[in-house]
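Chains as they are written, first to last, in my numbering: chain A, 1 to 421; chain B, 1001 to 1647.
#1: Under the DSSP definition of a beta bridge, which residues are partnered with residue 103(A)?
#2: From this set, 325(A), 184(A), 244(A), 195(A), which residue's C-alpha is nearest residue 215(A)'s C-alpha?
#3: How big is the Cα-Cα spacing for residue 1334(B) and residue 1563(B)?
#4: From the beta carbon of residue 1134(B), is the nearest beta carbon of chain A less than 8 Å away?
#5: Can you tell me where the alpha helix (DSSP H) holding residue 226(A) begins and where it ends?
#6: Using a Cβ-Cβ cut-off of 8 Å, state whether residue 11(A) counts as contacting chain B.
#7: Between which two residues does the beta strand (DSSP E) carrying residue 1629(B) extend?
#8: Does the beta carbon of residue 1015(B) come closer than 8 Å to any beta carbon on chain A?
#9: Give the range of the alpha helix (DSSP H) segment to which residue 123(A) is assigned.
#10: So residue 1220(B) and residue 1115(B) are supposed to be a Cβ contact under 8 Å. How far apart are they, rounded?
#11: Would a check of beta-carbon distances place residue 93(A) closer than 8 Å to chain B?
#12: On the three-pair Cβ rule with 8 Å, is the region 1230–1237 of chain B touching the region 1163–1177 of chain B?
#13: Whose CA, out of 294(A), 342(A), 332(A), lies closest to the CA of residue 315(A)?
#14: Can you tell me the Cβ-Cβ gap for residue 113(A) and residue 140(A), rounded? I've got them flagged as a contact below 8 Å.
#15: Runs of 4 residues minimum, wholly inside the region 1476–1531 of chain B: which ones carry the alpha helix (DSSP H) assignment?
#16: Going along chain A, which residues have a C-beta under 7 Å from residue 1006(B)?
#17: Secondary structure at residue 212(A), three-state DSSP: helix, strand or coil?
#18: On a Cα-Cα basis, can you pick out the residue from 1555(B), 1436(B), 1052(B) that is closest to residue 1568(B)?
#19: If the criterion is Cβ atoms closer than 8 Å, does the pair residue 1481(B) and residue 1474(B) meet it?
#20: Under the assumption that residue 195(A) contacts residue 274(A) (Cβ atoms under 8 Å), give the Cβ distance between them as a whole number of angstroms.
#21: Could you round the C-beta distance between residue 117(A) and residue 1556(B) to whole angstroms and report it? I think they count as a contact, below 8 Å.
#22: Residue 1322(B) by DSSP, collapsed to three states: which one?
#23: Does the distance from the CB of residue 435(A) to the CB of residue 98(A) come in under 8 Å?
#24: What separation, rounded to the nearest whole angstrom, lies between the Cα atoms of residue 1190(B) and residue 1184(B)?
#25: Please list, in chain order, all residues of the same chain as residue 310(A) whose beta carbon is under 7 Å from its beta carbon, the five residues on each side excluded.
#26: Looking only at its chain, what residues have a beta carbon closer than 6 Å to the beta carbon of residue 1201(B), apart from the 5 residues adjacent to it on each side?
#27: Answer yes or no: does any C-beta atom of chain B fall closer than 8 Å to that of residue 215(A)?
#28: Expressed to the nearest angstrom, what Euclidean distance is found between the alpha-carbon atoms of residue 1308(B) and residue 1182(B)?
#29: Can you pull the chain A neighbours of residue 1445(B), defined as C-beta to C-beta under 7 Å?
#30: For residue 1532(B), count neighbouring Cβ atoms within 10 angstroms of its own Cβ and tell me buried if that reaches 16, exposed if not.
#31: Confirm, please, whether the CB-CB distance from residue 241(A) to residue 200(A) is below 8 Å.
#32: For a test of the three-state rule: what should DSSP assign to residue 1230(B), helix, strand or coil?
#33: Return the bridge partner residues of residue 1648(B) from the DSSP annotation.
#34: Please state whether DSSP places residue 1146(B) in a helix, a strand or coil.
#35: Assuming residue 1383(B) contacts residue 1456(B) (C-beta within less than 8 Å), just tell me the rounded distance between them.
#36: Please list, in chain order, the chain B residues whose beta carbon lies closer than 8 Å to that of residue 383(A).
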């Protein structure tokens, strides 16, 4: 008899963090609007990426800790499905991890901060676990880290919580909010040529830090911003949209949670808002049928990973081919956190292959994470953990932008962009 | 000041205001009919919205056009109302208000879980029943559906007023509300009237749930959460006046919209508080709280009483006869368990002990004095955050940091008590609920004085270099963290405060508290200073909550807003009631069944009941326990032992 009231009523807040975390998944690493340096090609050869051998693994099991946000009213079970497919793929075709069969020690956070400590203790107390991988974890992070105490490296694809960035021995390979939202300013200035922006966000912890980071990026790019924080329980966003001056702005940024995405779209459609809207990828997690007109609005969306909605991208095609062959369904494969999880596990396999079968320890794996420079599968081209002094766990600050054309079609709107200087 | 802009934003707030007003009307209806503050009113609107969506989208194999879908939705809503009345409200007709409140919380949990399990977590886009044209007023584009929705709600309020003013059914309801005995003598059935009013309330909420499709998307949280501002509107209406509830709901929506504009610091509002260039979080919630408190003082506080056949009191408060033996037995068992249990069960037990401490504060304030306070968990949070900032930012050591946290909680608790001098019963629930929401969103969410998005770290518990926290190297029989040592500390504090509360019940002050609980006027006539007794109770309960908050921080190594949220507080109160809110043993039972405590962990670990199924199971179990043990499990146990002894 768990006190799950928290779940129902509170889920929104949790989702905010997860949401805003998600702010970062999608397009491919070809070309850059910010850098003239040649960029690595997207990863399509997984065997070369992990540096292993072809064939099934037969060695004794090596255990990877897996923590995800699932089981509650808001959840991302697709991340676990992505991980299971990746483990199956590695065990059957990539010789596991340095010849060892991979096993998972899973722990799920459903709805309460307290569950973070339980998971942290589980990972800390299991001596077989040398490395922990996060799926979409937006709740319980503080308690988790307090329990784990940096004794084992934690690999994160996209950080879903502001807590992650300042932790020791944590590696958010694709970045976090404060860093990946900065490119919204670069995109507004260089691509949309915006002078003014309207920013709308739910006024509560998690969302305000994301709004803060977005605003900073826009202001640094010389864009004048009018930001309005609405009541997180608000249902009708007509007032906040109007207050933000969206109808007169050059670009509109809804930095919202799940309900906010749809409610924003609904209010925007009702008043016929025709300004470019640059949303976060969280809004793409919601089925198109939930939006007015039954399709995702024709917005721009920024991602810090490959856009899995574009099956023709080489790295996405490679992912679909292998992941679906190892149990990931057609419905789950395009979901952002499934792709991130797939990428994370194969990256950990790469680390284990690099250190070798006899030296798979927390220390050696942490060293591998620190020295990893990318590109990551369907992830940023350049990765450098520890490059930000105020956020040692963050390894990337680049984002790509895409535009939705309707009917399931997307168009690239930019290459990888860095935040404005 | 640009008054035309203010007018624009007031009009933009009509839509959300209408939603709040409509749900407030349903809340008032339920209260008038059955005396229950139905926290699930928004959830009923959600159920109606999903039913309508399912029918229109052919989820059950048949596509309905709008009119038949509306009719079938109405049938579903009526069936829901009947189910709620027969399953939860009627069995608790003679139960205390807190039991009824907890049962409505159970309904909310069940509704949310059912929707998530049935429809998934993705939002759904219902088709709008209202026209989607727009109109331009003072240079701003308005969808006309907001005006229509507001008009419908106003018409509903007028119709309800007329029905309750002029019809035989309305007069009968009012008569039963005034005196059930007189109503029964006149041939009226309070049960039938309650059923009719519950169904009517469900229909009003359901109407809103269907019409709201033009404003919001369907999900498991948006509509249920509208009950919070709706409660504010209902309390302003003293849970009686449809006109005031409607007007207040509309006004809250309009005021919130105006705040959206004012938060930009336009001319005349340069004073509006901002942080990092953004509006300070929680301003609106703080405003709602202030409005409620001011309204309480202005309007005289308490709600109109209802004349029931059986006077509804809180459960009995048995005088603890023997303290030493149960304390020693319980302590010994807990010590053994802390050492022997595997690490995950040990952690669950420690969680239980900390939760039991918060419940202990509820025993004092609610069980002994009858003040239903929802703010206790928020006070624990205040203590936790004060501890965190003092210890982490200023290096203040144990025991000064946790004591300062408990002192801060006590001061805030005494300020809350000022409200309790004017409000009591369900009014106090609403005031303290608004306070809890304001503290959470204005205080805990704030990055400067709260925890912001990341929470706030709390160091390991230690004294003069000696570690007493859960990281101590001795890890019990399995040798793993958390160390039983921290469990012993929490257990020691729980035993001490438990004995304090048990002795309080036996003391002169305890007897005065019970007298105040029983009848404030009679207590005052007997020479008891009601004000002082209430202040003492709030002070002590807040201090206990403060200690619990500090231990909570030490337990998890951090504090965050989620841990002390208002919904979590409601859940804890519900479990405190189920455990037995008038007894120390009840607080301990409540601790064992609370979030991440021993019983839920066993259910998850052994039976795999977790997540949404735990939500469903928890809601059903809550209602079942309330119906079977209206005095709580501990109270029922005590009564059974007593009756056995008499034989």
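Where a beta carbon is used, it is the ideal one built from N, C-alpha and C, also for glycine.
In brief:
#1: Residue mapping note: residue 103(A) aligns to position 103 of the first chain, counting from 1. As computed with DSSP, residue 103(A) is found in a beta bridge with 63(A).
#2: Taking the first chain and counting its residues from 1, one reaches residue 215(A) at position 215. Ranking the options by Cα distance to residue 215(A), first place goes to 184(A).
#3: Residue numbering aside, residue 1334(B) sits at position 334 when the second chain is read from its first letter. Residue numbering aside, residue 1563(B) sits at position 563 when the second chain is read from its first letter. If I take the Cα positions, the gap works out to 25 Å.
#4: Within the second chain, numbered from 1, the residue matching residue 1134(B) stands at position 134. Interface flag for residue 1134(B) against chain A is set, since a Cβ pair is found closer than 8 Å.
#5: Mapped onto the first chain, residue 226(A) falls at position 226. No alpha helix (DSSP H) contains residue 226(A), which is instead part of the beta strand (DSSP E) from 224–230.
#6: Locating residue 11(A) in the first chain gives position 11, counting from the first residue. Any reading at residue 11(A) needs caution, since the residue's pLDDT is 40, under 50, leaving its predicted position unreliable; the model's value is listed next. Output row for residue 11(A): interface = yes.
#7: In the second chain, residue 1629(B) corresponds to position 629, counting from 1. Under the DSSP assignment, residue 1629(B) falls outside any beta strand (DSSP E); it carries neither an H nor an E label.
#8: By 1-based counting over the second chain, the position of residue 1015(B) is 15. With a threshold of 8 Å between beta carbons, residue 1015(B) makes contact with chain A.
#9: Within the first chain, residue 123(A) is the residue found at index 123, counting from 1. Looking at the DSSP string, the run of the alpha helix (DSSP H) that includes residue 123(A) is 114–125.
#10: Position 220 of the second chain, counted from the first residue, corresponds to residue 1220(B). Position 115 of the second chain, counted from the first residue, corresponds to residue 1115(B). Their Cβ separation, rounded to whole angstroms, is 5 Å, which keeps residue 1220(B) and residue 1115(B) in contact under 8 Å.
#11: Residue numbering aside, residue 93(A) sits at position 93 when the first chain is read from its first letter. With its beta carbon at least 8 Å from every one in chain B, residue 93(A) lies outside the interface.
#12: Contact fails: fewer than three Cβ-Cβ distances are below 8 Å.
#13: As a working note, residue 315(A) is residue 315 in the first chain. Nearest of 294(A), 342(A), 332(A) to residue 315(A), Cα basis: 342(A).
#14: As a first step, residue 113(A) must be located in the first chain, where it is residue number 113. As a first step, residue 140(A) must be located in the first chain, where it is residue number 140. Indeed, because the Cβ distance is near 5 Å, the residues count as touching under 8 Å.
#15: Secondary structure within the region 1476–1531 of chain B: the alpha helix (DSSP H) runs of 4 or more consecutive residues, fully enclosed, are 1484–1506, 1508–1518, 1520–1525 (chain order).
#16: As a working mapping, residue 1006(B) is identified with position 6 in the second chain. Within chain A, no residue comes near residue 1006(B); the closest Cβ sits about 11 Å away, beyond 7 Å.
#17: Mapped onto the first chain, residue 212(A) falls at position 212. In the structure shown, residue 212(A) sits in a helix (DSSP, three-state: H, G or I).
#18: On the second chain, position 568 is the one that residue 1568(B) refers to. For the set 1555(B), 1436(B), 1052(B), the Cα lying nearest the Cα of residue 1568(B) is the one of 1436(B).
#19: Mapped onto the second chain, residue 1481(B) falls at position 481. Mapped onto the second chain, residue 1474(B) falls at position 474. Against a cut-off of 8 Å, the Cβ pair of residue 1474(B) and residue 1481(B) comes out as no contact.
#20: Counting from one through the first chain, the residue named residue 195(A) turns up at place 195. Counting from one through the first chain, the residue named residue 274(A) turns up at place 274. 17 Å between Cβ atoms; not a contact.
#21: The sequence position of residue 117(A) within the first chain is 117, counting from 1. The sequence position of residue 1556(B) within the second chain is 556, counting from 1. Contact flag correct, Cβ pair sits at about 5 Å.
#22: The residue you call residue 1322(B) lines up with position 322 of the second chain. Residue 1322(B): coil per DSSP, three-state reduction.
#23: An answer regarding residue 435(A) cannot be provided, because it is not within the stretch 1 to 421 covered by chain A.
#24: The residue labelled residue 1190(B) in the question sits at position 190 within the second chain. The residue labelled residue 1184(B) in the question sits at position 184 within the second chain. Their Cα atoms are separated by approximately 7 Å.
#25: If you number the first chain from 1, residue 310(A) lands on position 310. Hits under 7 Å: 316, 410.
#26: Translated into the one-based positions of the second chain, residue 1201(B) becomes position 201. These residues qualify, in order along the chain: 1026, 1029, 1030.
#27: For the purposes of this step, residue 215(A) is identified with residue 215 of the first chain, where counting begins at 1. Proximity of residue 215(A) to chain B, defined by a Cβ-Cβ separation below 8 Å, is satisfied.
#28: Mapped onto the second chain, residue 1308(B) falls at position 308. Mapped onto the second chain, residue 1182(B) falls at position 182. Any reading at residue 1308(B) is ruled out, since the residue's pLDDT is 45, under 50, leaving its predicted position unreliable.
#29: Walking along the second chain from the start, residue 1445(B) turns up at place 445. Chain A residues near residue 1445(B): 204, 205.
#30: Numbered from its first residue, the second chain carries residue 1532(B) at position 532. Residue burial is scored here from C-beta neighbours: residue 1532(B) has fewer than 16 other C-beta atoms within 10 angstroms and is therefore classed as exposed.
#31: Within the first chain, residue 200(A) is the residue found at index 200, counting from 1. Within the first chain, residue 241(A) is the residue found at index 241, counting from 1. Against a cut-off of 8 Å, the Cβ pair of residue 241(A) and residue 200(A) comes out as a contact.
#32: Walking along the second chain from the start, residue 1230(B) turns up at place 230. If DSSP states are grouped into helix, strand and coil, residue 1230(B) belongs with the helices.
#33: The displayed coordinates of chain B run from 1001 to 1647. Any statement about residue 1648(B) would go beyond what the structure contains.
#34: Numbered from its first residue, the second chain carries residue 1146(B) at position 146. Looking at residue 1146(B) - three-state DSSP - the assignment turns out to be helix.
#35: Position 383 of the second chain holds residue 1383(B). Position 456 of the second chain holds residue 1456(B). For residue 1383(B) against residue 1456(B), the beta-carbon gap comes to about 12 Å, at or over 8 Å, which does not count as contact.
#36: Residue numbering aside, residue 383(A) sits at position 383 when the first chain is read from its first letter. Simply none; closest approach about 23 Å.
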